[in-house]
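As structure tokens, the structure follows; a few thoughts come after it.
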Amino acid sequence: MARAATDGAAVERKATTVVDTDVHVLPRSAEELLEYVPEPWRSRSDTQFLGAGVYVPPVGLMRKDGFPPEGPPGSDPDFLCRQLLGESGIDLALLIPLVIRPQANPEHEAALASGLNGWQEATWLTRYNGHGRFFGSIIACPRQPELAVREIERWAGHPLMKQVVLVPSVYQPFGEPHFRPVFEAAVRHGLPVALHMHSRLGMFGLTPVGFPSYYFDMRSFHSNVFAAHLTSMVFGGLFEDLPDLRVAIVEGGYIWALPLMWRLDRNWEDLRSEVPHLRRRPSEYLREQVWFTTQPFERPRDPDGYLQTLDWLSADRRLMFATDYPHWDGDYLPNDIVRGMPDAMRERVLAGNALELYGLPHEYEASGTVA
Amino acid sequence: VRVAVCPVEELAVGSRRIVTAGEGGIGVFNVDGKLYALANRCPHAGGPLCRGVLTGTTEPGTGHEVRWVREGRVLRCPWHSWEFDIATGRTLTKPTVATKTFSVVVEDGTIYVEV
Numbered sequence: 415m416a417r418a419a420t421d422g423a424a425v426e427r428k429a430t431t432v433v434d435t436d437v438h439v440l441p442r443s444a445e446e447l448l449e450y451v452p453e454p455w456r457s458r459s460d461t462q463f464l465g466a467g468v469y470v471p472p473v474g475l476m477r478k479d480g481f482p483p484e485g486p487p488g489s490d491p492d493f494l495c496r497q498l499l500g501e502s503g504i505d506l507a508l509l510i511p512l513v514i515r516p517q518a519n520p521e522h523e524a525a526l527a528s529g530l531n532g533w534q535e536a537t538w539l540t541r542y543n544g545h546g547r548f549f550g551s552i553i554a555c556p557r558q559p560e561l562a563v564r565e566i567e568r569w570a571g572h573p574l575m576k577q578v579v580l581v582p583s584v585y586q587p588f589g590e591p592h593f594r595p596v597f598e599a600a601v602r603h604g605l606p607v608a609l610h611m612h613s614r615l616g617m618f619g620l621t622p623v624g625f626p627s628y629y630f631d632m633r634s635f636h637s638n639v640f641a642a643h644l645t646s647m648v649f650g651g652l653f654e655d656l657p658d659l660r661v662a663i664v665e666g667g668y669i670w671a672l673p674l675m676w677r678l679d680r681n682w683e684d685l686r687s688e689v690p691h692l693r694r695r696p697s698e699y700l701r702e703q704v705w706f707t708t709q710p711f712e713r714p715r716d717p718d719g720y721l722q723t724l725d726w727l728s729a730d731r732r733l734m735f736a737t738d739y740p741h742w743d744g745d746y747l748p749n750d751i752v753r754g755m756p757d758a759m760r761e762r763v764l765a766g767n768a769l770e771l772y773g774l775p776h777e778y779e780a781s782g783t784v785a
Numbered sequence: 459v460r461v462a463v464c465p466v467e468e469l470a471v472g473s474r475r476i477v478t479a480g481e482g483g484i485g486v487f488n489v490d491g492k493l494y495a496l497a498n499r500c501p502h503a504g505g506p507l508c509r510g511v512l513t514g515t516t517e518p519g520t521g522h523e524v525r526w527v528r529e530g531r532v533l534r535c536p537w538h539s540w541e542f543d544i545a546t547g548r549t550l551t552k553p554t555v556a557t558k559t560f561s562v563v564v565e566d567g568t569i570y571v572e573v
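Those protein sequences? They're chains A and B, same order as listed.
Residue numbers for the first sequence follow my numbering, beginning at 415 and rising by one.
Residue numbers for the second sequence follow my numbering, beginning at 459 and rising by one.
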């Protein structure tokens with residue numbers, strides 16, 4: 415489809431066929447970010463940035479061919495466009511900056527999150543976004559709900575800020591009442607809330623049976639962190655009380671959600687009287703109000719069982735493609751990930767579900783974008 | 459089909475070349491004077507395998523000891539770090555999964571791969 419541009423030349427418009435719902439961009443240096451952080455937080459020497467205090471995978475955090483000529487992976491817009499929009503064929507990218515780590519002091523973390531949003535808006539959403547293919551996330555610190563609400567209010571209504579991102583490394587599950595105002599603020603402004611894993615060291619690495627020794631354990635337990643949060647959110651009445659709340663589970667796996675739903679429903683049949691505020695089966699809240707992203711994708715060996723599972727999970731309505739660029743465990747070939755799915759489901763997973771959830775454009779100007 | 463890689467003196471011990479051939483190219487490696495050629499496409503997720511680091515791997519020792527072995531003979535994909543035996547193209551965790559290997563010949567001072 416083409417339309418006339420102001421100079422008379424036709425501007426080619428391309429349909430959005432692949433949306434990447436998990437792209438991590440970084441500042442070139444800590445100083446570049448700290449410019450956007452007010453004092454006294456800017457000068458604190460205990461700030462944990464990406465790479466500091468992180469349980470780094472034994473093979474490194476980044477894909478090895480993701481390093482631009484200068485600066486860390488994800489910091490150079492030309493290089494990112496070439497690899498992600500060009501080689502991987504992504505049409506629109508939803509950015510989730512993970513530059514700062516959960517800090518010990520929640521006010522400190524909230525100030526850094528605020529600086530991160532300001533930096534993201536000035537660079538990736540504005541200066542680097544001539545093509546209009548980048549969309550952003552409001553990063554908020556859930557351990558300081560009041561400041562998180564203030565940060566959501568600050569950006570709500572920005573045309574490119576498409577969701578609120580909360581780091582699920584908190585000391586209590588999200589169904590607890592003191593988190594409620596954060597979810598209410600997102601709902602008030604029509605923003606989905608994404609939960610994205612972050613580094614888990616120290617207390618944040620807690621599993622139901624203690625602390626992991628290996629990166630392997632820690633990574634495998636990401637799904638359990640999300641399962642615990644979702645269970646708490648269901649039984650805490652968050653979904654019941656906020657029917658417009660939409661939650662995206664990013665980089666936490668997917669297939670596990672099915673037996674979780676079966677189990678919650680079974681328990682609800684036996685124990686409904688403990689949670690009379692729930693008016694529907696637990697699985698109905700999860701099916702209606704929770705979305706999932708693909709990476710890192712699990713694919714059972716049996717193709718029929720695999721398709722049956724995707725069907726049981728309503729993947730055609732709730733699963734969204736993600737690369738996790740530029741991390742070591744990313745899924746960089748969209749067509750490989752949707753291989754074996756029926757055509758209609760493929761289209762929904764690669765683009766349709768994300769377009770709907772985030773209200774992204776169905777087409778964009780293809781000219782002057784990627785080398 | 460025989461594809462020319464480079465003059466033999468240009469592929470020093472420890473170096474590699476990626477030539478345009480097959481799907482995504484073929485990597486030719488000189489490991490301690492022996493030449494190996496592998497498809498530059500990781501069978502796991504399609505990464506550019508031959509641009510990965512050539513390194514070693516771990517093996518269990520007695521008790522909880524971990525030994526570092528096969529130094530310089532294990533190719534790691536730059537995307538997800540899957541490990542491949544440089545000589546056989548087989549992955550170390552799932553030996554039934556392998557990248558394609560090609561035979562390498564040297565003739566009149568030039569290295570060729572047989573595709």
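By construction, the Cβ of each residue, glycine as well, lies at the ideal position given by its N, Cα and C atoms.
Beta-carbon gap between residue 779 of chain A and residue 427 of chain A smaller than 8 Å: yes
Residue span of the alpha helix (DSSP H) that contains residue 438 of chain A, given as start and end: Looking at the DSSP string, residue 438 of chain A is not in any alpha helix (DSSP H), and its letter there is neither H nor E.
Residue 517 of chain A burial status per 10 Å Cβ neighbour count (16 or more: buried): buried
Positions along the segment 736-767 of chain A whose CB lies within less than 8 Å of some CB in chain B: 742, 743, 744, 745, 746, 747, 750
Nearest neighbour of residue 484 of chain A, chosen from A/440, A/764, A/455, A/504 [CA to CA]: A/440
Counted within 10 angstroms of its Cβ, other Cβ atoms place residue 571 of chain A as buried (16 or more) or exposed: exposed
Positions along the segment 517-543 of chain B whose CB lies within less than 8 Å of some CB in chain A: 534, 536, 537, 538, 539
Residue 645 of chain A in three-state terms, based on DSSP: helix
Which of helix, strand or coil DSSP assigns to residue 508 of chain B: helix
Alpha carbon of residue 525 of chain A to alpha carbon of residue 721 of chain A, nearest angstrom: 45 Å
Chain B within 8 Å of residue 417 of chain A, Cβ atoms only: Residue placement at residue 417 of chain A cannot be trusted, given a pLDDT of 45 that sits under 50; what the coordinates show is reported in the next sentence. Not an interface residue.
Chain A residues whose Cβ lies nearer than 8 Å to that of residue 503 of chain B: 745, 746, 747, 750
Partners in chain B for residue 436 of chain A, counting only beta-carbon separations shorter than 8 Å: None at all; the shortest Cβ gap to chain B is about 16 Å.
Exposure of residue 694 of chain A, with buried meaning 16 or more beta-carbon neighbours within 10 Å: exposed
C-alpha distance - residue 416 of chain A paired with residue 743 of chain A, whole-angstrom precision: Residue placement at residue 416 of chain A is flagged as unreliable, the pLDDT there being 43, under the threshold of 50; the coordinate-derived value follows with that caveat. Rounded to whole angstroms, residue 416 of chain A to residue 743 of chain A spans 38 Å at the Cα level.
In DSSP terms, what residue 487 of chain B is bridged to: B/474, B/494
Stretch pair the segment 585-600 of chain A + the segment 681-689 of chain A: three plus CB contacts closer than 8 Å: no
Distance, residue 762 of chain A Cα to residue 435 of chain A Cα: 13 Å
Between the CA atoms of residue 609 of chain A and residue 563 of chain A - distance to the nearest angstrom: 16 Å
Ordered list of alpha helix (DSSP H) runs contained in the segment 614-686 of chain A, each at least 4 residues: 629-634, 636-649, 652-655, 671-685
Burial state of residue 589 of chain A (16 or more Cβ within 10 Å): buried
Reduced DSSP secondary structure (H/G/I, E/B, other) of residue 720 of chain A: helix
Interface flag, residue 509 of chain B vs chain C, CB-CB below 8 Å: Looking for chain C here will not work: the only protein chains present are A and B.
Runs of beta strand (DSSP E) lying entirely within the segment 426-498 of chain A, each at least 3 residues, in chain order: 433-437
Chain B residues whose Cβ lies nearer than 7 Å to that of residue 477 of chain A: 536, 537
Below-8 Å beta-carbon distance, residue 473 of chain A vs any chain B residue: yes
Residue 506 of chain B at chain A interface by Cβ criterion, 8 Å: yes
CB of residue 576 of chain A within 8 Å of CB of residue 450 of chain A, strictly: no
Beta-carbon proximity list for residue 707 of chain A, same chain, < 6 Å, skipping 5 on both sides: 435, 436, 664, 734, 736
Closest Cα partner of residue 755 of chain A within the set A/774, A/775, A/728: A/728
Local conformation of residue 465 of chain B per DSSP, three classes: strand
Run of the beta strand (DSSP E) containing residue 561 of chain A, from where it starts to where it stops: Note, residue 561 of chain A: premise wrong, no beta strand (DSSP E); alpha helix (DSSP H) at 559-569.
Proximity of residue 491 of chain A and residue 542 of chain A at Cβ, strictly below 8 Å: yes
Coil, strand or helix - residue 755 of chain A by DSSP: coil
Classification of residue 658 of chain A by the beta-carbon crowding that lies within 10 angstroms, buried from 16 upward: exposed
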